[in-house]
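Q:
Protein chains: 2
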Amino acid sequence: MNKIHALKDVTAKLAAVAAGREKAELVIRDARLVNVNTGEIMEHTDIAVACGRVALVGDASHTTGKDTKVVGAAGMYAVPGFMDGHLHVESSMMNVREYAKTVIPHGTTAIFPDPHEIANVLGKKGVRFMADDAAATPLRVFTLMPSCVPAVPAFEDAGAAIGPDDVAEFMEMDDICGLGEMMNFPGVLSGDENVHKELYAALARDKTVTGHYSMPETGRGLNAYAASGIRCCHESVRREDALAKMRLGMYAQIREGSAWRDLHEVVKSVTENKIDTRFATLVSDDTHPDTLLSRGHMDHIVRRAVEEGVNPVAAIQMVTINVAQCYRMDRDLGSISPGKFADILLISDLAKADVRKVFINGVLAAEDNKLAVSIEKAVYPGFVKNTCHLKKPLTAEDFKIAAPDPSPSPAKTRVIEIIEARVGTYAREFDMKAENGFVPPDPSRDIALLAVVERHKATGTMGRGFVKGFGLKGGAVASTVAHDAHNLMIVGMNGTDMALAGNALAECGGGMAAARDGKILALLPLPIAGLLSEDEAPVIAEKVVKLDAAWKELGCGLESPFMTMALLPLAVLPELRLTNRGLIDTVNYRFTELFVKAAEAGRTAFIS
Amino acid sequence: MNKIHALKDVTAKLAAVAAGREKAELVIRDARLVNVNTGEIMEHTDIAVACGRVALVGDASHTTGKDTKVVGAAGMYAVPGFMDGHLHVESSMMNVREYAKTVIPHGTTAIFPDPHEIANVLGKKGVRFMADDAAATPLRVFTLMPSCVPAVPAFEDAGAAIGPDDVAEFMEMDDICGLGEMMNFPGVLSGDENVHKELYAALARDKTVTGHYSMPETGRGLNAYAASGIRCCHESVRREDALAKMRLGMYAQIREGSAWRDLHEVVKSVTENKIDTRFATLVSDDTHPDTLLSRGHMDHIVRRAVEEGVNPVAAIQMVTINVAQCYRMDRDLGSISPGKFADILLISDLAKADVRKVFINGVLAAEDNKLAVSIEKAVYPGFVKNTCHLKKPLTAEDFKIAAPDPSPSPAKTRVIEIIEARVGTYAREFDMKAENGFVPPDPSRDIALLAVVERHKATGTMGRGFVKGFGLKGGAVASTVAHDAHNLMIVGMNGTDMALAGNALAECGGGMAAARDGKILALLPLPIAGLLSEDEAPVIAEKVVKLDAAWKELGCGLESPFMTMALLPLAVLPELRLTNRGLIDTVNYRFTELFVKAAEAGRTAFIS
């Protein structure tokens, strides 16, 4: 991409172009400027660009020379490039280059990713890898240093850990713009020393601390969280959550991801209250490849906000100047104004946010939904690709669950019950019948085997349990996308297929696989950290479609079963979870036994 | 004052107070919160404070312990402390401590002064002196490094000069928050190397560059200026100037000073356009002691904005959060939100901005228009007080103007004609009659002698000329407040009184004096740099009243004659000016002769 010039280095050049002594490199003629500074639309406005920055907004005829590229924009809106203030690139299963190729044509010019998925696998090296890889794209990528890796240290084994010293080290780096979502809000509120050390490290370097406050409590807890210097939060699921945050001076990051589609509700914080909207922003958080390919990225979210009643100019402010002000980067970004980076979209229908042209740094980066620049395909280094380490190949024996001894018959067994399209689970208890000293799955009651195998350091540790709700009639599905430690998770109705699917992933460095009757039905290799593909987006999408078909073939009728599955090990969510260390009661935050002891049977949970 | 805590050091403490584990130091109970984040007024809101910062906004009952100071605010508005984003403390003739004592009771809690008057006398040492003196007050003072000292290097001799290296040196200092008003906009536009080096120094340290763009041209010139990284400007005198600046992403600093009362006109940029007002701020620029004492400071300006039709909450945003965002200090300042400094006003009538209580850093700093903290009176060091150096005492002979040789009679003479309440002058030509080889003043045509004596380095250089319009019948007035070089300026009808007034100032280290018939009528000593008093504000005001009376006694009917006089040497303003180096044609930016040569007579100027 074009060289990125710091403003300090080009003030005289920009002045010369604006004043007419030198000519612009690019002039966009006769646009309808969406002026996010004043909230106006200004007809018949030219934009002159030099050194990748806006030199002049107004009448640019005097800046146009024989070498100036002139782009006619008559009838089109000129809009600042869209910015996504909170997301995890890993959710797209694309590497950053492929992600950039996918989102730029949709008008995204800057993102603030928190690479905490890869950090759970590769630690600091993973964060640095993602930031470095991003530098090969024209997308402006402002990386946030993950704050909570692993998410729940005592309950699982991730591939790596990040602590206050690592945070302090990364805060010294220019391309690390702040601290990633501080999910440990209990730690913030309770004054946990390591948590506050991380806040300290970011604040000391005057960088931005981003939030994740998912409680409905907006009084003392939210105040404590905000008072700790946390500047934004994407976890509002009710309108009143977002409103409370904005009132406390936090940026509300209204989320519209593939699975968490909160905008419909949360944007009412803005549309139903006559408030100053400068603290409202829109973010994607987690977007899957099919959503990106079929609906788009921030353009889709802007469109959704407009559909929900937000004024189009205000919606655009929420993905431009408001985001820039959140990160205090508004000297360089967020508006089409003199001195700012020439990240400019031409849009034909504002409410539909249909992006026709995308300029980044004054260079045409996409046109008519196609990338107009080439992004070199990477040859990724071995250390990011060799992350799936099992102690030994899995066998059917590994998935046998020994009945309790002395064995009651039936054995009262704790079962995780999933809830479609929700992040929570129910902790259930079922009477399970032992056979030959082992407790098998029970397709008749939709109870499958579930296993989480440590896959980072080949320790051989493995958690085993049961899960209800996937609808599997047989076979098995495995995935190394298993939040947040991203161990190897396998669900299935028999040990042979489970071992087969798991081993297939171990062989290809991770990914997702489905198996039945000793055959692999579908395989999506994610060789980068077991999380990201090396393929192009359409290829990934095609493989995802095949996997979805395989799920259905196995009997599952859920919409996004991999997503639901991916959260089963995440011990910060209620009520029952399984990690490589075992079954966790996340209501009481403690390990629990798979088989209920007589004394406790039925004490806390529903009995089927 | 209370210790100022960086947020990084107190996150855990604030969280503990908000969460209820520790108690607040101060709780303001049951206020009507002016929430500048969302633009709402929130009834029955408590504010809990610890470590000088807001810990919680909402219901603070759980934060109130036996040692908590509780302030009932029922019926009163809680408003963030007022911030003045552009001003020169020197205009008040008060030292910074006295200035703080005066403005804090009016609700001002933070100022961004550009000490360029004292910098013209004392250079860097003067800037450091002002910043250090400010540290003795509870007022938050964010000093801007003057950018244009002297204002017009080729035409005058100031006491000091500030260049790019000095700027770079000061940008390293934590209490220097940016670059002072860049008055040399022609230099910005033309790409002047030193000017852009100063911009570079500020931008390289990520500090704010403040502006002064006084041309009515809002096209290529203003774009060039904005593109150079200049973030704000207080020089709009027409509504369209301010609107153009906001549209280009510059903060419009709408000015209401003692003499430059631009608000009535300029605020129409906001009231007559339905725009987002986040880029609108209110500033004082230059305020005289009588205005501060009789009308107030930012409270007065907020009141004026409301009178002109600005919504009170929006007006308050213009002196709080908008200013904080302009300087990108909104993590610490500008709103009453968790984590921010507890700079809080209690106001009984919002539209009238009548400030009843002022808290700075969580400490009651003023109540019922009286300071509630003590600010130690300074003993100022010698180097700031010994700045008035004449080569020798002045005598009547010094003010004799020799007639041209060969002497035409009458001699066609260039005369500066002042315009009441305006900063400009007219370049006039009058036929003046010589007597005994000298040209005397002419009271009958209201033409007085004018002299500017270099007073910094005792060089003995002196400019002489004539000025019309003060209405003096006799006597003389002298001042060392003479922009921007602040040499010793004397206007009078006879040399004896001129010498007397000038010598009186030289003896007391500068100030203002009026004399007649060999007697001093009034004297306002300004011993600090010849600009600032050591007295308390009421004493200064009293002396100013006496000086005003003396002006009237001498025949002058102008409203603020000292102000008009103070600008006579400022060679950036049209049309004719006098400095210690001589008469300057500021239309063509060149020195000119006092007496018109036959060939040029009447070529450019009006002849009386």
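Chains as they are written, first to last, in my numbering: chain B, 290 to 897; chain W, 290 to 897.
For glycine and all other residues, C-beta sits at the position ideal for the given N, C-alpha and C.
Within 10 angstroms of the Cβ of Arg-734(W), are there 16 or more other Cβ atoms? Answer buried if so, exposed if not.
A: Arg-734(W) should be labelled exposed.
Q: DSSP three-state label for Ala-362(B), please.
A: DSSP places Ala-362(B) in coil when its eight states are reduced to three.
Q: Quick one: Cα of Met-618(W) to Cα of Cys-466(W), how far?
A: Taking the straight line from one Cα to the other gives about 10 Å.
Q: Short of 8 Å Cβ to Cβ, which residues in the region 365-395 of chain B face chain W?
A: Residues passing the 8 Å Cβ filter: none.
Q: Just verifying my parser: in three-state terms, what is the DSSP assignment at Thr-334(W)?
A: In this structure, Thr-334(W) counts as strand in the three-state DSSP scheme.
Q: Among all the DSSP beta bridges, which residues are the ones paired with Asp-720(B)?
A: Answer is Lys-701(B).
Q: Which residues in chain B have a C-beta closer than 8 Å to the C-beta of Tyr-489(W)? List them in chain order.
A: Within 8 Å Cβ-Cβ: Lys-297, Asp-298, Thr-300.
Q: So is Arg-509(W) in contact with chain B if we call contact Cβ pairs under 9 Å?
A: Yes, Arg-509(W) lies at the interface with chain B (some Cβ there is under 9 Å from its Cβ).
Q: Is there a Cβ of chain B sitting closer than 9 Å to that of Tyr-715(W), yes or no?
A: It does not: the Cβ of Tyr-715(W) has no partner Cβ on chain B nearer than 9 Å.
Q: If the criterion is Cβ atoms closer than 9 Å, does the pair Tyr-514(W) and Cys-521(W) meet it?
A: For Tyr-514(W) and Cys-521(W), no; Cβs fall outside 9 Å.
Q: Who does Gly-467(W) pair with in a DSSP beta bridge?
A: Paired residues: Leu-433(W), Thr-497(W).
Q: Should Ser-897(W) be flagged as near chain B, meaning a C-beta pair shorter than 9 Å?
A: For Ser-897(W), the predicted model reports a pLDDT of 34, less than 50, meaning its position is unreliable and no value from the coordinates is stated.
Q: May I ask which residues mark the beginning and end of the beta strand (DSSP E) holding Ser-768(B)?
A: Residues 765-768.
Q: Quick one, are the C-beta atoms of Asn-776(W) and Pro-699(W) less than 9 Å apart?
A: No, the pair does not count as a contact, with Cβ atoms beyond the cut-off.
Q: Looking only at its chain, what residues have a beta carbon closer than 6 Å to the beta carbon of Arg-544(B), apart from the 5 residues adjacent to it on each side?
A: Around Arg-544(B): His-523, Asp-551, Val-572, Asp-574.
Q: Kindly give me the distance between the Cβ atoms of Lys-832(B) and Gly-538(W), rounded to whole angstroms, as I take these residues to be in contact under 8 Å.
A: Actually they are not in contact, since the Cβ atoms of Lys-832(B) and Gly-538(W) sit about 45 Å apart, beyond 8 Å.
Q: Which residue wins for smallest C-alpha separation from Ile-317(W), given the options Ala-710(W), Gly-364(W), Val-599(W)?
A: The residue with the shortest Cα to Cα distance from Ile-317(W) is Gly-364(W).
Q: For the region 622-637 of chain B, list every residue whose C-beta sits within 8 Å of some C-beta in chain W, in sequence order.
A: Those residues of the region 622-637 of chain B that come within reach of chain W (Cβ to Cβ, closer than 8 Å) are Ser-624, Ser-626, Pro-627, Gly-628, Lys-629.
Q: Taking the alpha-carbon positions, what's the Pro-578(B) to Ala-826(B) distance?
A: Straight-line Cα distance between these residues: approximately 7 Å.
Q: Does Asp-619(W) come within less than 9 Å of chain B when only Cβ atoms are used?
A: Yes, its Cβ sits closer than 9 Å to a Cβ of chain B.
Q: Need the endpoints of the beta strand (DSSP E) that Leu-315(B) sits in, please.
A: Where Leu-315(B) is concerned, the enclosing beta strand (DSSP E) stretches over 315-324.
Q: For Met-331(B), would you say it is in contact with chain W, using Cβ-to-Cβ distances shorter than 9 Å as the test?
A: Judged by the 9 Å Cβ criterion, Met-331(B) is in contact with chain W.
Q: Any idea which residues DSSP pairs Asp-574(B) with across the strands?
A: Beta-bridge pairing links Asp-574(B) to Leu-376(B).
Q: I'd like to know if the region 644-664 of chain B and the region 792-806 of chain B are in contact, where contact means that at least 3 CB-CB pairs between them fall below 8 Å.
A: Counting Cβ pairs under 8 Å, fewer than three are found: no touch.
Q: Please specify which runs of the alpha helix (DSSP H), each continuous and at least 4 residues long, are wholly inside the region 741-808 of chain W, giving them in chain order.
A: The region 741-808 of chain W contains these whole alpha helix (DSSP H) runs: 784-797.
Q: The alpha helix (DSSP H) spanning Gly-671(B) covers which residue range?
A: Looking at the DSSP string, the run of the alpha helix (DSSP H) that includes Gly-671(B) is 671-674.
Q: Going by C-alpha to C-alpha distance, which of Val-526(W), Pro-627(W), Val-861(W) sits closest to Arg-509(B)?
A: Comparing Cα positions, the closest option is Pro-627(W).
Q: Which residues mark the beginning and the end of the alpha helix (DSSP H) in which Glu-831(B) is found?
A: Unbroken alpha helix (DSSP H) run through Glu-831(B): 826-843.
Q: Would you please verify whether the beta carbon of Ala-667(B) is less than 9 Å from any beta carbon of chain W?
A: Not one chain W Cβ lies under 9 Å of Ala-667(B).
Q: Note down, in chain order, every chain B residue with its Cβ under 7 Å from the Cβ of Leu-537(W).
A: Those are Val-346, Ser-626, Pro-627, listed as they occur along chain B.
Q: Would you be able to state if there are at least three C-beta pairs under 8 Å between the region 334-352 of chain W and the region 380-388 of chain W?
A: The region 380-388 of chain W is not in contact with the region 334-352 of chain W.
Q: What do you get for Asp-454(W), buried or exposed, if any count of 16 or more other CB atoms within 10 angstroms of its CB means buried?
A: So Asp-454(W) ends up on the exposed side.
Q: Looking at Met-471(B): is its Cβ nearer than 9 Å to the Cβ of Leu-488(B)?
A: For Met-471(B) and Leu-488(B), yes; Cβs fall inside 9 Å.
Q: At 7 Å on the CB atoms, spell out the chain W contacts of His-351(B), in chain order.
A: Here the neighbours are Arg-509.
Q: Under three-state DSSP, which class holds Gly-412(W)?
A: If DSSP states are grouped into helix, strand and coil, Gly-412(W) belongs with the helices.
Q: Expressed to the nearest angstrom, what Euclidean distance is found between the alpha-carbon atoms of His-275(B) and Asn-473(B)?
A: The requested residue 275(B) does not occur in the structure, where chain B is confined to residues 290 to 897.
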